[in-house]
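Novice: Below you will find the structure I want to go over with you.
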Amino acid sequence: MVTATDLLERARRAAEEVADPELPMLTLADLGVLRGVEVGEDGAVTVALTPTYTGCPAMAEMRADVARRLRAAGFAEVRVTTVLDPPWTTDWITPEGRRKLAACGIAPPGPAPARRPQGPVPLTLSPTRRTVPCPRCGSADTEEISRFSATACKALRRCRSCLEPFEHVKDI
Numbered sequence: 001m002v003t004a005t006d007l008l009e010r011a012r013r014a015a016e017e018v019a020d021p022e023l024p025m026l027t028l029a030d031l032g033v034l035r036g037v038e039v040g041e042d043g044a045v046t047v048a049l050t051p052t053y054t055g056c057p058a059m060a061e062m063r064a065d066v067a068r069r070l071r072a073a074g075f076a077e078v079r080v081t082t083v084l085d086p087p088w089t090t091d092w093i094t095p096e097g098r099r100k101l102a103a104c105g106i107a108p109p110g111p112a113p114a115r116r117p118q119g120p121v122p123l124t125l126s127p128t129r130r131t132v133p134c135p136r137c138g139s140a141d142t143e144e145i146s147r148f149s150a151t152a153c154k155a156l157r158r159c160r161s162c163l164e165p166f167e168h169v170k171d172i
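Mapping the sequence shown onto full-length UniProt numbering, position 136 (from 1) lands on 136, and the numbers just tick up by one.
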């Protein structure tokens with residue numbers, strides 16, 4: 001007999017295996033955008049996703065991929081919701097996700113900037129200076145070439161030591 005716990009585990013495993021469309025070396029679980037999976041009494045699965053930033057163009061693809069994966073796992077009724085509060089932070093990327101990014105030559109983000117739970121967003125008028133080590137040689141002597149790379153959540157950098165360009169997931 002299949003229990004509610006069995007169904008939930010099967011749904012969770014299926015959702016956790018979905019790859020991010022922009023960073024396919026990561027799953028949505030690795031990236032921390034998979035916020036929750038529930039199975040209702042009627043067998044319908046509801047999955048909650050939080051975008052890396054408001055307006056993320058990959059969200060439509062993420063929702064479709066999650067729904068497709070869950071239907072392939074035998075769930076006929078699937079709902080994918082978007083959760084905006086609390087907002088996603090790079091701190092939600094798992095240690096395994098950070099390892100996978102570095103292994104693919106993408107510098108993982110550092111700790112996310114401190115946020116206040118309530119009140120105004122602090123405004124920084126000068127550029128934030130941060131050392132981003134090269135994922136290829138480990139040198140801290142790197143420079144930002146472009147604030148935006150292949151996706152809005154990554155910047156393009158270059159190592160001054162090995163001269164290799166690399167992407168960096170921005171600290172959000």
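By construction, the Cβ of each residue, glycine as well, lies at the ideal position given by its N, Cα and C atoms.
According to DSSP, simplified to helix, strand and coil, what is A152?
Specialist: Here residue 152 corresponds to residue number 152 of the sequence shown, with the count starting at 1. In the structure shown, A152 sits in coil (DSSP, three-state: anything other than H, G, I, E or B).
Novice: First and last residue of the alpha helix (DSSP H) that includes G97?
Specialist: The sequence position of residue 97 within the sequence shown is 97, counting from 1. Per DSSP, G97 belongs to the alpha helix (DSSP H) from P95 to A103.
Novice: In the DSSP assignment, find the alpha helix (DSSP H) that holds T5 and state where it starts and stops.
Specialist: What you label residue 5 is simply residue 5 of the sequence shown in a count that begins at 1. It spans A4 to E16 - the alpha helix (DSSP H) in which T5 sits, taken as one unbroken run.
Novice: If we call anything under 7 Å between Cβ atoms a contact, is V47 one with V66?
Specialist: In the sequence shown, residue 47 corresponds to position 47, counting from 1. In the sequence shown, residue 66 corresponds to position 66, counting from 1. For V47 and V66, yes; Cβs fall inside 7 Å.
Novice: Cβ atoms of E16 and A29: under 7 Å apart, would you say?
Specialist: Along the sequence shown, read from residue 1 onward, the residue named residue 29 stands at position 29. Along the sequence shown, read from residue 1 onward, the residue named residue 16 stands at position 16. Yes.
Novice: Decide if F148 is buried, meaning its Cβ has at least 16 other Cβ atoms within 10 Å, or exposed.
Specialist: Within the sequence shown, numbered from 1, the residue matching residue 148 stands at position 148. That one is exposed.
Novice: Three-state secondary structure (DSSP) at T142?
Specialist: Within the sequence shown, the letter at position 142 stands for residue 142. Residue state, collapsed to three classes: strand.
Novice: Can you name, in chain order, every residue of its own chain whose Cβ lies under 6 Å from the Cβ of A140, other than the five neighbours on each side?
Specialist: Taking the sequence shown and counting its residues from 1, the one referred to as residue 140 is at position 140. Closer than 6 Å at the Cβ level, and outside the excluded window around A140, lie T131 and P133.
Novice: Less than 8 Å between C-beta atoms, sequence neighbours within five positions excluded: which residues of the same chain meet that for E167?
Specialist: Along the sequence shown, read from residue 1 onward, the residue named residue 167 stands at position 167. G105, I106, A107, S149, A150, K154, A155, L156 and R157.
Novice: Return the CA-CA distance between A19 and T27, expressed in angstroms with no decimal places.
Specialist: Counting from 1 along the sequence shown, the entry for residue 19 is found at position 19. Counting from 1 along the sequence shown, the entry for residue 27 is found at position 27. Using only the alpha carbons, I get a separation of about 4 Å.
Novice: What runs of the alpha helix (DSSP H), each 4 residues or longer, lie entirely inside the UniProt domain "MIP18 family-like" (12-73)?
Specialist: You should have 28-31 and 59-72.
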